[in-house]
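These notes are about the structure you will find just below.
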Amino acid sequence: MAGISDSQSSMHSALSPSYGISSDIFPGLFDWFFAHHVFDRWCRDRAWQLHCAGGPGSGKTTLAALVAKHLEAGAQERHLAVVSIFIQKDVVAYETSFLEDFLEIVYHKLGDSWACNEEDEEDFDEYQRQRYGNLEGCRASRRIHLIRKAVYSRLETLAKSARAFLVLDGIDLCSSTLYLLLDMELSVLQEKGLCILLTSRIAVFEQLEARCDHSNHGDAPDDDPIEEKDREVLDLFLLCRVCESVLCFNCRDAGRICENCDDNDALYEPYDHVTIPVNVCPPSELKQFIAWNLEREHGDLGLGSPHPRKPPLSVLGRSLRADRTSKSAEVLVDRIIDLAYGNVSLAKARLDLVHEAQSIVQIEARRDQLPANIVTMFDAGIKGVEAQSPTKRDLGLKAIAAASRDDQGISIPLMQRWLHQSISVQTRSGEDILEAARGFLLATPDDNPQKIRLFNTIFNYYVVERYSQVIHRADSQLRADTLRRKDSSYHEMQALSEPRVRFEPMNVSEEPTEITPYKLLRTTTTMDSIEEAPSQPFILRKGTRAWY
Ligand SMILES: [Zn+2]
Ligand SMILES: [Zn+2]
């Protein structure tokens, strides 16, 4: 049987069947995710896809790799077959080849499963003849038809003895046309029994709000039901096909039945996917990650991270431990948490700087600026916005500029009004805006109307403090265009917007030591140097992915 390696050389270059988990990754980083009730239900249920949505640097690829590892552990005993696929760069060309190769990887990786034996490979043999044996080549629609058939029959074989899972990372890197195609493909694969988890920078644009209708919800007595507005919004629920009332899983598990129909025969889950937002890592996990990372590099700082063998104290480690009463190490951990605003990559970038410092004073000397490595990460991400078609690029940059007017977000109708005075192709919905901004913007589904805001407060600072010239230009143009059309609302909101990042110093308890000028020059970038010249190239540490 031909394996992935045989055909890998001709695979679409954006596709990878594996992703090595870097040694920089704290294994407990996503413990909160694995304990999430929605993840638990997804593992046991195949009725809907699980979407993990988070902005740049929130650790989605790591999460996908960890989920695959989690499922693969004991796959045979638990009767699971696991396929993971990582999309590694933008897919804007050869989309049909992408789709074909995607299906071929699914086919091969399902075949690697312990559960896949004694099957009929006739369909795949025919595909191979057409793909590799046909000298003048066979048309794409025929090839895709054949590989589809092979995948479907393999899924049918597997379904007799196992449950098959697909973990797909980075679906947002697909062009919007390919995204739609792939989405349809995934729906069919799901019907054929594949359980699907995917990660994306952008959550599906929608606004669903369901609350349980049962009068005893929350174990309330018959004569004193909880008011509807006080009932929690549900991410998982059952809907009655007959009377359209909502029943939560807690009520169903407590034996309650649809009050209008007197039975639960018509209950079903009315959604095809459920989203777990992964934009913000909870502080407790972030804290453990930072402590683990610091002690791995600098020795036992008294942070209690779970390393079997910590290295001897580094120079910085000794500096941090010198004065135990002021708890410098704990203060440093809290400070990194404060400056990351829940973003894993921002925490990691701060840690990289800490590792280069010789003392707390050196760390503090940089506190009021965005470090060069963070500026470099944001710059790389903005290049991805710029690399789109001219109309999308214009929309994306102006939308980012507009969203920075208010760190709580701008309502979609207002943002569309502003944008439509300045762009050439009108947006049809907030989805167009989110897509053009490549994950740097997110919607707030709990607001009515929904708002669009920047994905992270530090990124807000980057935009408002004009670290990016292209966004600054987009902002000036938007302001000029709206003023020209006698709409002063954009201009006026400018005055209200102040970056709310707190860069105040932490307690420094030791005597200042000499700061190496070279190091400061290399690792910090000030506003002025950006205006004069492009920021200096900065080498990212191993394991830190660029945000293209
Ligand atoms: Zn309920
Ligand atoms: Zn009913």
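Number 81 in numbering that gives the first Met the number 0 belongs to position 82 of the sequence shown; there are no gaps in the numbering. Cβ atoms here follow ideal geometry from the backbone N, Cα and C, with glycine treated the same way.
With fewer than 16 other Cβ atoms from the protein chains shown falling within 10 Å of its own Cβ, residue 267 counts as exposed. Under the 10 Å beta carbon count, residue 468 is surrounded by fewer than 16 other beta carbons and is classified as exposed.
Shortest gap from the CB of residue 259 to any heavy atom of ligand 2: under 6 Å. Cβ neighbours of residue 144 within its own chain (closer than 8 Å, five residues either side excluded): none. Per DSSP, the continuous beta strand (DSSP E) segment holding residue 48 begins and ends at 48-52. For the 7 Å CB-CB criterion, residue 102 and residue 153 do not form a contact. In the DSSP secondary-structure assignment, residue 199 is bridged to 52. The secondary-structure analysis by DSSP pairs residue 164 across a beta bridge with 81, 194.
Less than 7 Å divides the Cβ of residue 443 from the Cβ of residue 449. The DSSP-derived three-state label of residue 304 is coil. Here the alpha carbon of residue 73 sits roughly 36 Å from the alpha carbon of residue 349.
Per DSSP, the beta bridge partners of residue 272 are 48. Contact between residue 14 and residue 100 holds, with the beta-carbon distance rounding to 6 Å and staying under 8 Å.
Residues 394, 397, 398, 401, 426, 432, 477 of the same chain have their beta carbon placed closer than 8 Å to that of residue 418, with the five preceding and five following residues left out of the count. Taking non-hydrogen atoms of ligand 2 into account, the C-beta of residue 239 is found less than 6 Å away from one of them. The beta-bridge partner set that DSSP reports for residue 246 consists of 237. In this chain, the alpha helix (DSSP H) harbouring residue 59 covers 59-71. If you check the CB distance, residue 65 and residue 38 do not come in under 7 Å. Secondary structure at residue 327: helix, using DSSP grouped into helix, strand and coil. Three or more Cβ pairs closer than 8 Å define a contact, and the stretch 191-206 meets that threshold against the stretch 158-167.
In this structure, 115 is the residue among 115, 94, 56 with its C-alpha nearest to the C-alpha of residue 82.
Closer than 6 Å to some heavy atom of ligand 1: that describes the Cβ of residue 211.
Relative to residue 85, the option among 482, 44, 16, 189 whose CA is nearest is 16.
The beta carbon of residue 192 is closer than 7 Å to those of 45, 154, 158, 163 in its chain, skipping five residues each way along the sequence. In this structure, the CA atom of residue 309 is about 21 Å from the CA atom of residue 346. Rounded to whole angstroms, the separation of the alpha carbons of residue 131 and residue 388 is 34 Å. In this structure, ligand 1 has no non-hydrogen atom nearer than 6 Å to the beta-carbon of residue 144. For residue 453, the enclosing beta strand (DSSP E) covers residues 450-453.
Taking C-alpha positions only, residue 97 is separated from residue 91 by approximately 10 Å.
By the C-beta density criterion, residue 51 is buried, having at least 16 other C-beta atoms within 10 angstroms. For the pair residue 107 and residue 322, the Cα-to-Cα distance works out to about 58 Å. In the structure shown, the three-state DSSP call for residue 16 is coil. Shown here, residue 172 sits in a helix according to DSSP, grouped into three states.
For residue 441, the uninterrupted beta strand (DSSP E) segment begins and ends at 440-443.
For residue 340, the three-state secondary structure derived from DSSP is coil. Residue 299 and residue 34 have their C-alpha atoms roughly 29 Å apart.
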